[in-house]
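Colleague:
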Amino acid sequence: DTLPALRFAKPSPEMLLTMMDSLRATHGYYVGDREEDTDAARAAGLIPINISRDGSAGDIHSLDELPGFLAQKGDA
């Protein structure tokens, strides 16, 4: 299956809501590196995780850190 053509780009939550619906997910996290990612995650009811890029501040600095970050949150 593929996602249908989406009409809106981030920060619209449409893409995330469509994916959540197809997975029957009711909650989750979304990893992104831009403010638009954070806005889209929150609008979709997801918890944003900010990954740093080019020295910017973030919750994690690489995807390798994601399991440890989630473990600290109690979701590993």
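Residue numbering for the sequence shown is -3 to 72, as defined by this note's numbering.
A virtual CB, placed ideally from N, CA and C, is assigned to each residue, including glycine.
#1: With a threshold of 8 Å, are at least 3 pairs of Cβ atoms found where one atom belongs to the region 53 to 62 and the other to the region 31 to 41?
#2: Just the Cα atoms here: how many angstroms apart are Ala39 and Ile45?
#3: Report the three-state DSSP secondary structure of Gly28 (helix, strand or coil).
#4: Is it buried or exposed for Leu42, if we count other Cβ within 10 angstroms and need 16 for buried?
#5: Is the beta carbon of Gly28 less than 8 Å from the beta carbon of Ile47?
Modeller: Quick look at the numbers:
#1: With a cut-off of 8 Å on Cβ pairs, the region 53 to 62 is not in contact with the region 31 to 41, counting fewer than three such pairs.
#2: Locating residue 39 in the sequence shown gives position 43, counting from the first residue. Locating residue 45 in the sequence shown gives position 49, counting from the first residue. Cα-Cα distance, rounded: 14 Å.
#3: Indexing the sequence shown from 1 puts residue 28 at position 32. Gly28 falls in the strand class under three-state DSSP.
#4: Taking the sequence shown and counting its residues from 1, the one referred to as residue 42 is at position 46. So Leu42 counts as buried.
#5: As a working mapping, residue 28 is identified with position 32 in the sequence shown. As a working mapping, residue 47 is identified with position 51 in the sequence shown. Ile47 is positioned such that its CB atom lies closer than 8 Å to that of Gly28.
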